[in-house]
Every structure is written in C-alpha cells, then in structure tokens.
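Residue numbers (full-length UniProt numbering): 1 to 489.
Cβ coordinates follow ideal geometry from the N, Cα and C atoms, glycine included.
Structure, rendered in structure tokens:
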C-alpha cells in the first residue's frame, strides 16, 4: 500500500499544474477542479513523505537498540564499542556515558524531525481546507455568473428583436410622410395655378369695368350737351307750358330708364355678398393647408426624434456585444492548449456563432442603414427643403388671395356705385343751372338708350362669369383638400 501511494503521489507531483489544467479542461469547472486535484496531490505527497519518515525512524530505532545492546555487551567484556572502534579504548564509564550521549542526540534529532513533519501536516490540512472552501465559493460564483449571463443574453436578444420591429415601423412611417408631402406639393401647385387663372379673370374684369366706366362718362357728357341744346330750343320756340310738359316727359323717360337698369343689374347687394363668400372660402382653404403643413412638420420632428432614440439603443447594444466578445475571448483562453477537448471547442464555437448571429441581428448593417435614413432626412435637399417650398408656396398663395380680395372689394364698391343709379330721387324743383353741376359731381348719366342698357347687361354677364370662375376654383380647392385628408387618414 505504501509503495502504491508513493508511486501515485510522485506521478501527480511530476505532472504539475499545467497538465492538471489540461486534464480538467474536460470538465465544466476548469480552474476549481484543477486546484482541488493539485491540493489533493500535495496533501498525499506530504502524507507519503511522513509515512516514509516514520518507517525510517522505526528502522533506525531498531538498529540503534540492537547496536546499543551489542555495544553494552562489548563494554561488559572489556571490548571497545562500535562508536569508538579504531580509536584509543576509553574507560568503561566514559564509553558508557559517551554512548548514551551519542544515541540521545540522535533520538532527539529524530523527534524534532517528527514534530516538524506533524506541524507541516497540520498546516497542509488547514491549507487544503481553505482551498476547498475557496473552490466551493468559486464554483458557486461561477454558476451564478453563468445564470446571470444567460438571463442577460435572453434579455438583449429580445430587445434587439423589438428594436428591429420599431425601426421597420419608423421606415414605413417615414415613407408615408414622404408620399404625403409629395401629394401636398402637387395639390398646392394645382391650387396656385387655379388662383393664377382667377387673378387673370379679375384683371380682365377690371379692364372691362374701366371700359364700362369710360362709356358711362362719355354718355353722361353727351346727354348733358343734348339736354342743354334741347332746353335752348324749348326756350326759343315753345311756350312755358310746352316746356313744362317736355320736361316732365323727359324726367319720366329718365325714371323708366333707371328702373330698367335697376332690374337688369338685380339686387345691388348680391354680387358683393357672393364675392365675399368666395373670398372667405378661399381663406378657409388656406388656413386648412397651413394647419396640414404644421401637422406634417410635427410628424417629421417626432420621426427624427424616434430615429435618434433607436440609434442610441443600437449603440448600447453594440457595447453589450463588445462585453460578450470579451467574455468569449476569456473563455477561449482556457482552451488554447493542444490537449483541449472537442466538447470545450464545440461549446466555444457555438457561443461564437451566437455572438455573430446577435451582431448580424442588431448590429452594424442596421445601424448604417438607419444612419443613412437619418442623414437623408436631415439634409437640405430632403424633406425639410420640400417643406420650405410648401411654406413658400402657401405664403405666395396667401399674398395672391389678399390681392384678389382687395381688388374684389374695389370691384364690389364700383358695382354698388353703378347699381345705385336707379336710386336717384326725383327733384322737380331743381333749377336748370344746378342740374348739370349735380350730375357732373356724381359723374352719372341722366339718360340711357336701349343700346346702353344692352351693354350694361353684357357687362353684368361678364361679372357673373368671373364670379362663377372663382366658385369653380374654390370647388377644386375643396376637392383637393378632401383627397389630401383621405390620404392622410
């Protein structure tokens, strides 16, 4: 048994710590079990050494007793003892005391060696107990660390899947916003074209009104001259009674003309009211377009903020990937020896494959893709430039509508002045010298022919045509807004 233990202990001590680590790599607890095996070998070596020492002490003690007995017999026979053979023979008493002193010193040395071996054995046992406790604690910590890393791995994988889904949703939302901006730009362009046509119609109506006003003034002065000549003829050729009849007849004729003109122009308030309604509707359309542009601005800002948040999350995931890679390198360092087991290498390969899969799932490609989207959305040639163009078009559209509204108010006032011709009250007692000056001040004719009334009716139809054009433009704008709202919904 002693020979077997001695051989096993010596073989273990000769193998050493590196070979123990190679053998223990086949187990899950690499460092812990290697330390335990090493300490067991050391303890076994100490035990064998102590066992050999005790056996040697026993052999030496038996030899010393035999030699002591032989020496004592030699001394009793008067012969020299073994410790001083070849020397001068001492007296018997001196030989006896010298022999006792010699063996006493030898036995004392052996007892000291035994005490040292016992003390070393106790210290080795304490060291073994301490290392076993540390190995148990290390094993528990290793299991806790593996559990924690497994939980963290699952959590990071789930967050990566959620981040990918969120980024896909943001891409779809950004694409819809781009389509909405394109549609809005097209509708605003169409509305601007319609307003340009309306502006041309208003300019044409203004030109026609000026021609009509010049015609009124020409007819006014022509009728004033005719009236003066007619009165002169009446003064020279007719009596006062005939002049009065002619004057009454002339005034009746003027009243009839005023009544017919009033009927032709309808109510004086109707064109102004219709034109005001058209302008109000145009303002409402502009207000709706501006609100839609503001809403699109808010959606774009929120999309940019969401993209920045997702990029920050991706950066944190990349940091977690680096931590996992460091852990993988640490595990690979234990399997660098040529005698590492196939199981350990396969486990490390699987872990490396999972890390690469995680990187492909969360990492660099998706991060670069989202960075390109974010940079494209923040460049001046992107959506913000389109939004600036839309704002500029809206401002131009509002200025055009303001000019149209101001010009429409002027036309309405002029139409009201023209239609008030029929409201001139009859004043029979106005003298002939005051009448031309009063007509000249208000710049309106006092007599109309059937041809003039026809011209007035034609001008009225042109004004109504302009109002109808404005109504058509307003209807097209409403339809455009409705289509845009449907697409946004």
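C-alpha of residue 166 to C-alpha of residue 184: approximately 27 angstroms in a straight line.
For the pair residue 133 and residue 142, the Cα-to-Cα distance works out to about 14 angstroms. In this structure, the CA atom of residue 120 is about 12 angstroms from the CA atom of residue 112. Put simply, the backbone Cα of residue 124 is about 10 angstroms away from that of residue 117. Straight across, the Cα-Cα distance linking residue 207 with residue 192 is about 23 angstroms. Counting every other CB atom within 10 Å of its CB across the protein chains shown gives residue 161 a total below 16, marking it as exposed. Restricting attention to 173, 122 and 291, the CA atom closest to the CA of residue 302 is found in 173. The C-alpha of residue 175 lies about 11 angstroms from the C-alpha of residue 182.
If the five residues before and after residue 168 are omitted, its C-beta is found closer than 6 angstroms to no C-beta atom of its own chain. With fewer than 16 neighbouring CB atoms inside 10 Å of its own CB, residue 217 falls in the exposed class. Residue 144 sits exposed, since fewer than 16 C-beta atoms from the chains shown fall within 10 Å of its C-beta. Counting the other Cβ atoms within 10 Å of the Cβ of residue 198 gives 16 or more, which makes it buried. With fewer than 16 other beta carbons inside 10 angstroms of its own, residue 140 counts as exposed.
Short of 6 angstroms from the beta carbon of residue 227, and not among the five residues preceding or following it, lies no beta carbon of its own chain.
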